[in-house]
Structures are given as C-alpha cells and as structure tokens.
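A.B. asks: Following this message is one structure expressed as structure tokens.
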Amino acid sequence: MSESGAAPELAGVPVARRGLGGDRRRRLIMLAVVAVASLGLPLLGTNYLLTAATLALYLAYVGQAWNVMMGFAGQLSLGHSLYVGLGAYLAAGIFVHAGVGPWASVWLAAVACGAVGAFVGLLAFRLRIAGVQLSLLTIAFAELARIGFDHIDALGGPGGLFLPVADRNHLDLLAFRGPPALYYYGMLALAAGALALCALLLRSRAGYYWRAIREDEAAAEAVGINTFRWKMFAVVLSSAMTGVAGTFFAFYNNSLFPEQIFGFERSVEILVGPVVGGLGTLFGPIVGAVTLVVLGDGTTELLTRAGIDLPGVRQGIHGVLLLLVTIYLPDGIWPPLARALGFEARRI
Amino acid sequence: MSFLQVQDVSKAFRGVRAVEGVSFEVARHTITALIGPNGAGKTTLFNLIAGALPPDRGKIALGDRAIGGLPAHDVCAAGVGRTFQLVKPFAGMSVLDNAIVGALRGERTVAGARARAVAVLGMLGLTGKASLLASRLTLADRRRLEVARALATRPSLLLLDEMMAGLRPTEIDELLAVLRAVQREEGLTILLTEHVMRAVMALAQQIVVLHHGQVIARGLPAEIVRDPAVLDCYLGAGEAEGGSPAESPVRSQQGQDD
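Protein chains in written order, with our numbering: chain A, 1 to 348; chain B, 349 to 606.
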C-alpha cells in the first residue's frame with residue numbers, strides 16, 4: 001500500500017493550494033461582478049425573476065447555515081426545519097400579538113434557536129450520539145415541533161398563522177413590509193453576511209478546529225481540541241443563523257403552517273443546495289441554491305407557461321440533480337466549476 | 349528526575365484485564381520503549397496516558413501534575429503529544445493545515461500557528477509536500493505527519509505508537525534519524541511502542557516489557573534482550589537458557605498470571 005518517494009505519482013492530483021496572488025485577484029474580480037449583478041438585478045427584473053432570485057438567496061443562506069454544522073464540523077442535521085419554524089413562529093407570533101416588527105424579534109429568534117440547538121447538541125454530544133443517530137435525533141425534534149405547534153392555539157394551530165396582509169406597494173421598513181425588492185435586498189444582505197461570516201470563521205481557529213473534528217474526532221482531541229465545545233459552537237451558530245432565516249420566511253410568506261414549515265421536506269430542501277454545490281466549501285451553498293432554483297423552479301415555470309401542470313416536478317428535478325452530482329461530482333459542482341473558472345477551490 | 353510517572357495503573361474491558369497494576373517511570377529527555385507481544389496492553393496503556401481512556405485505578409503524572417483520567421485535550425494541553433498506530437491524518441486537509449491545527453494548541457493566532465507548522469514540517473522533511481492533501485501521502489509520510497502534528501502542539505512528552513509498522517527498512521532508517529534529531533532539538537521525552545526491535549535498540553535508553561497487561565521487566569536495552577522472563581514470553585521460549593538471571597540487574601516483576 002505504501003510507496004516512498006512518490007512525488008512523480010502525485011503530479012496532477014488535486015492539491016490544496018492557497019494564497020496565490022493572481023488567484024486572489026481573479027477571486028475578487030469574480031466577487032465584484034457577482035455583487036454588482038446581484039445589486040442591479042431588481043432594476044431589470046420582472047417580479048418572477050425577483051421571486052426566484054429571493055428564493056435562491058434564501059436557500060443559499062440556510063444552506064450556508066446548515067453547512068457550518070455539517071460541511072465544516074461534520075455533524076449531520078436532517079432536522080433544520082426545526083429552526084426555520086421556530087424562528088418564523090416566534091417572530092410572527094410577536095408581530096401578530098404585540099405588533100413588534102422583525103428588527104427586534106429576529107434577535108430573539110436567533111437566541112431562542114441557538115438555545116434549542118444547544119439543547120439538542122448537549123443531549124447528543126453528552127450521550128455520545130453521533131452520525132446516523134444524531135441525524136435521527138434532529139429529525140425527531142423537528143417532528144416534535146411539527147406536532148407540538150398543531151396544539152398551540154395562540155399561534156393558529158394546524159389552521160395556520162397569518163400575518164396581516166400588507167400593501168405590497170407601500171414600503172414600511174419598520175415592519176419589514178413592502179415590494180418584492182425589499183425582500184430581495186433583505187435576503188441578499190443576509191446571504192452576503194453569512195458568506196462573510198463563514199469566510200472569516202474558516203480562516204480562524206474555529207475553521208481549522210471544525211475541519212479537524214470533521215476529519216477525525218479522536219485525532220482532534222489528541223491535538224488539544226475540546227471537541228465538545230467546538231461542536232457545540234457549530235451547532236449553536238448554525239441553528240441561530242437558521243432561526244434568522246425563519247424570521248425572514250414569516251414576513252416574506254405571511255402564512256405559517258406547522259405541517260409545512262417543520263416538515264421533513266423543508267429540512268431536505270435546506271441541505272440539497274450545499275450538497276449539490278459542494279459540501280464544506282464556502283461557495284458551494286450559493287452555487288447549489290442557484291442551480292436548484294434555475295433548474296427546479298425555472299423548469300416548473302416554463303412548463304406552467306406551456307400549459308403543462310406537473311405537480312412535484314421541482315422535487316423530482318432536485319432528486320435527479322442530487323443523484324447526478326453524487327455519481328459524477330462527489331465533491332459538488334463548485335470545486336470543478338472553480339477550476340474551470342481558473343482558480344483552485346479548496347474543500348475547506 | 350522522573351518526568352512521567354505511571355503508578356499501579358489498571359484498566360479492564362468487560363472483565364478482561366488489559367492493563368493490570370502497571371508502574372514505571374520515564375526520566376526527562378530520555379527515550380523509553382514499551383514492548384511486548386500483541387495484546388500485551390501497550391496501546392491501551394498509551395490510551396490511558398494520553399487520556400483517550402480513563403484508568404480504572406492508579407496514578408499517572410507528568411512532572412508534578414496528575415493527568416490520569418483527564419480528557420485527551422487536557423492531557424495534550426498538559427504537554428503530551430501522541431501519534432496513532434492506525435494513522436489518523438485529517439485526510440481532507442492539506443499537510444500544512446494538519447500541522448496548523450496542532451500548532452494552534454500553543455499559539456494565539458493562526459499566523460503564529462502557521463509559522464510553527466512550517467518549522468515543524470521542515471524538521472520532519474515534509475516541506476515539499478505541505479500543499480498536498482494529507483490523503484495523498486504515502487504511509488511513511490503519513491507517519492511523519494502524525495509526528496509533525498503532535499510536535500506542533502509543543503509537547504514535553506511525545507507518545508509514538510508503532511511508528512515503524514509496515515515501513516520498509518530504508519524508510520525506518522530515515523524516520524529513526526528524523527526522530528533522533530527532533531528529540532534533540534525539541535528537548536523531548538519520548539515513550540514509544542514498537543515491534544521493530546531494530547528501531548527499539550537504536551532509540552531507547554530504557555525498555556519496559558509488558559505481558560498480559562503487566563510489567564514483567566524493565567531496564568537498559570542490552571539487559572532486556574538477555575532477560576529470561578522477556579525471552580520466555582516475548583522472544584520465544586527455549587532461548588532463555590542462554591541468559592543468566594542471577595547477574596541480570598533488571599528488576600524483574602514476574603507476572604502473577606491468572
């Protein structure tokens with residue numbers, strides 16, 4: 001198995017390159033182009049385009065949040081709809097009952113979801129629940145919430161919680177109500193913020209420690225990493241970030257149903273993006289989300305316009321994409337795409 | 349003078365006594381080899397010292413600090429670095445990043461850790477492979493990376509578990525030279541387990557022999573290879589006649605096997 005002096009054999013294999021000057025400049029130019037395009041999109045777009053772009057940004061954001069836990073720290077959650085739902089119901093409940101807008105409640109949602117994440121993490125990591133069992137535990141908590149919220153009458157129960165209908169042409173920043181562009185820019189800011197935060201974290205001690213834990217927990221302990229503490233950090237950050245997305249979802253969607261928001265499909269929807277885009281990479285969740293929306297929702301829209309009504313075509317396309325990527329691009333779309341664009345994507 | 353102290357340490361797994369009443373000491377800046385047949389309890393003892401397992405009983409101390417029963421990350425912080433018999437590189441990370449993870453133990457910033465990592469990779473002869481993914485390394489280089497990563501944490505005691513297993517003779521010679529140099533430069537105390545006797549004889553100043561979880565002999569290498577108890581259990585019965593137990597200064601603790 002082992003060969004010594006194997007340098008020639010290593011030519012052409014993927015290497016983890018870093019900090020090349022030209023690479024960095026190309027990266028910055030790409031980022032600038034994407035940033036300008038993102039900022040200018042509402043100017044040229046139809047409402048449909050804006051809706052699709054907002055959805056893509058939403059998926060990119062929650063994908064980024066989920067990626068912190070699974071992609072970086074290697075802890076698989078299949079129940080992230082729990083945090084979307086909690087964040088959504090918390091902010092919507094406060095708005096409906098107390099009239100307080102999301103600028104205050106979003107913090108509460110982040111803290112509350114972080115706390116619930118901490119509870120799940122504490123339970124799992126203290127009882128040494130890992131891998132498949134951890135995933136099942138996260139599903140169980142999401143299901144518990146789904147059933148539990150059916151019985152909370154103050155939040156509408158199974159009949160749903162509805163936010164007062166707003167005039168879409170009137171901009172009310174305080175209550176986060178207004179035209180589609182408001183939600184687009186709100187989601188753009190969240191997605192960009194999450195990207196910046198993750199980029200920063202990956203370059204810091206946290207990034208190195210999470211990746212070490214993901215690769216080998218015993219070895220991580222042996223080099224002095226308190227793996228429990230750093231796994232908890234990943235889970236709490238990931239769930240808090242996802243809770244923020246939930247708050248956005250409530251004010252964007254205006255109606256919440258336990259069956260939908262805590263549903264398993266929503267948890268899966270969150271993770272398909274980063275897996276298709278590139279697990280554990282910084283740009284994977286974004287590339288994955290855009291791919292899913294363009295192919296999934298784009299096809300649905302084209303079919304609808306052609307007068308063909310095919311329910312479930314979106315999920316079907318997601319499934320096929322997942323299948324193709326798993327078989328042909330096990331590292332996701334982003335790493336080979338980045339190479340094609342001329343810079344090396346590190347699987348971070 | 350003793351730096352690592354292991355006193356009457358025991359560990360059983362579901363009634364099987366893997367390590368039973370083991371005591372020995374390692375002097376500062378020396379290399380001690382822990383040898384014994386397969387299943388003698390060497391790796392278990394390593395895991396007890398490194399904090400991967402808590403001992404059922406007994407005391408383990410590094411200097412004047414008790415480390416027995418501490419979690420592995422605290423044992424590392426106390427100054428114990430280790431390698432794994434079955435190498436555990438952070439496979440999806442570069443060789444440099446592997447070393448940086450180790451170096452972050454003693455460094456406040458990532459930049460500081462990177463400098464330390466670069467230096468350690470240099471010592472281990474891995475500079476040219478720093479940007480490779482760890483999964484792409486040969487077994488010999490993975491073993492070096494294990495040492496580099498442990499060394500990066502700035503340990504005072506280094507535990508090396510079966511470093512030479514599966515390596516070619518030339519690779520063993522190279523690694524021996526590297527280990528000697530590293531031990532000198534970093535002022536390390538080393539405890540190692542090893543099946544390759546050539547490596548043991550080349551490195552160790554003291555040998556501790558384990559059999560059925562108990563220490564049956566400890567002493568200088570030249571004495572251990574003549575010790576009848578050792579020859580009997582480890583190097584094969586029948587050759588023991590050549591030894592002269594009366595003259596052997598080895599403190600032989602005959603195992604009370606049950």
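Glycine included, each C-beta is placed from N, C-alpha and C at the ideal position.
Just so you know, these numbers come straight off a predicted model, no measurement behind them.
1. Going along the chain, which residues of its own chain have a beta-carbon closer than 8 angstroms to the beta-carbon of A426/B, five neighbours each way excluded?
2. Which same chain residues, not among the five before or five after A447/B, have their C-beta less than 7 angstroms away from its C-beta?
3. Would you mind giving the Cβ-Cβ distance between G273/A and A289/A, rounded to the nearest angstrom? I have them listed as a contact below 8 angstroms.
4. Using the Cα positions of G117/A and H97/A, report the straight-line distance between them to the nearest angstrom.
5. D216/A touches chain B at which residues, Cβ-Cβ below 7 angstroms?
6. Compile a chain-ordered list of the residues in the stretch 373-405 of chain B whose CB is closer than 9 angstroms to at least one CB of chain A.
7. Using a Cβ cut-off of 8 angstroms, which residues of the stretch 220-242 of chain A contact any Cβ in chain B, in chain order?
8. What number of angstroms, rounded off, separates the C-alpha of A73/A from the C-alpha of I564/B?
9. Give the interface partners of F432/B over in chain E, defined as CB-CB distance under 8 angstroms, in chain order.
10. Where do the ends of the alpha helix (DSSP H) carrying H559/B lie?
11. For chain A, check one thing: does any of its Cβ atoms lie closer than 8 angstroms to the Cβ of I448/B?
12. From the DSSP output, in three-state form, read off V320/A for me.
13. Taking its Cβ as the centre, do 16 or more other Cβ atoms sit within 10 Å of P402/B, making it buried, or is it exposed?
14. For a contact meaning CB atoms closer than 9 angstroms, what does R453/B contact in chain A?
15. Below 6 angstroms CB to CB, which residues in the same chain sit around P258/A once its five sequence neighbours on both sides are set aside?
16. Kindly list, in the order they appear in chain B, the residues whose Cβ is closer than 7 angstroms to that of A212/A.
17. Comparing the C-beta of A585/B with each C-beta of chain A, is any distance below 8 angstroms?
18. Give a yes or no on whether 8 angstroms exceeds the smallest Cβ distance from Y83/A to chain B.
19. Indicate the three-state DSSP secondary structure (helix, strand or coil) for D352/A in the structure shown.
20. Cutting at 6 angstroms between CB atoms, please list the residues of its own chain near I139/A, excluding the five before and the five after it.
21. Counting C-beta neighbours from all protein chains within 10 Å, is the total for I213/A 16 or more, i.e. buried, or is it exposed?
22. Can a CB atom of chain A be found closer than 8 angstroms to the CB of M607/B?
23. What's the C-alpha gap between S255/A and T392/B?
24. What are the boundary residues of the alpha helix (DSSP H) that includes Q75/A?
25. According to DSSP, simplified to helix, strand and coil, what is L568/B?
26. State yes or no: is the C-beta of F438/B within less than 8 angstroms of the C-beta of V449/B?
27. May I ask you to list the residues that DSSP assigns as paired with L410/B?
28. Determine the extent of the beta strand (DSSP E) in which V364/B is found, giving its start and end residues.
29. Taking all protein chains shown into account, decide if W103/A is buried (16 or more other Cβ within 10 angstroms of its Cβ) or exposed.
30. Where in the stretch 220-273 of chain A do unbroken runs of the alpha helix (DSSP H), each at least 4 residues long, occur, reported from the N-terminal end onward?
31. What is the residue span of the beta strand (DSSP E) that A381/B lies within?
32. D489/B lies in the alpha helix (DSSP H); which residues open and close that run?
33. Report the rounded CA-to-CA distance for S2/A versus I520/B, giving the unit in angstroms.
34. Looking at V357/B and the ligand SAM, is the gap between the Cβ and the nearest heavy atom below 7 angstroms?
35. Can you name, in chain order, every residue of its own chain whose Cβ lies under 8 angstroms from the Cβ of P179/A, other than the five neighbours on each side?
36. Buried or exposed for F361/B, going by 16 or more other Cβ atoms inside 10 Å?
C.D. replies: A quick look at the data gives this:
1. Within the same chain, A426/B has close Cβ partners L410, R413, I415, L418.
2. These residues qualify, in order along the chain: A465, V468, L469, A496, R497, A500.
3. That pair is a contact at about 4 angstroms.
4. So the alpha carbons of these two residues sit roughly 26 angstroms apart.
5. K436, F438
6. A398, G399, A400
7. If the cut-off is 8 angstroms between Cβ atoms, the stretch 220-242 of chain A has A220, E221, A222, V223, G224, I225, N226, T227 near chain B.
8. Taking the straight line from one Cα to the other gives about 44 angstroms.
9. Here chain E cannot be found, since the structure's protein chains are A and B.
10. H559/B -> not in any alpha helix (DSSP H); beta strand (DSSP E) instead, spanning 554-559.
11. So yes, I448/B belongs to the interface.
12. helix
13. exposed
14. In chain order: V223, G224, I225.
15. So the list reads R146, F149, D150, once near-sequence residues are dropped.
16. F438, V449
17. Confidence at A585/B is low in this model, with a pLDDT of 46, below 50, so the placement of that residue is unreliable and no value is reported for it.
18. no
19. There is simply no residue 352/A to check, as chain A begins at 1 and stops at 348 in what is shown.
20. L78, G79
21. buried
22. In the structure as shown, chain B starts at 349 and stops at 606, and residue 607/B therefore has no counterpart that could be examined.
23. About 58 angstroms.
24. That residue, Q75/A, is in no alpha helix (DSSP H); it is neither H nor E in DSSP.
25. coil
26. In this structure, the beta-carbon distance from F438/B to V449/B falls below 8 angstroms.
27. Paired residues: L352/B, R413/B.
28. 364-375
29. exposed
30. 227-253, 258-261
31. 379-383 is the span of the beta strand (DSSP E), which, as asked, contains A381/B.
32. 487-500
33. Any reading at S2/A must be qualified, since the residue scores a pLDDT of 39, below 50, and its modelled position is unreliable; the value itself is stated next. The C-alpha of S2/A lies about 13 angstroms from the C-alpha of I520/B.
34. Within the structure as shown, the ligand SAM is missing, as the structure has no ligands at all.
35. R168, N169, L171
36. exposed
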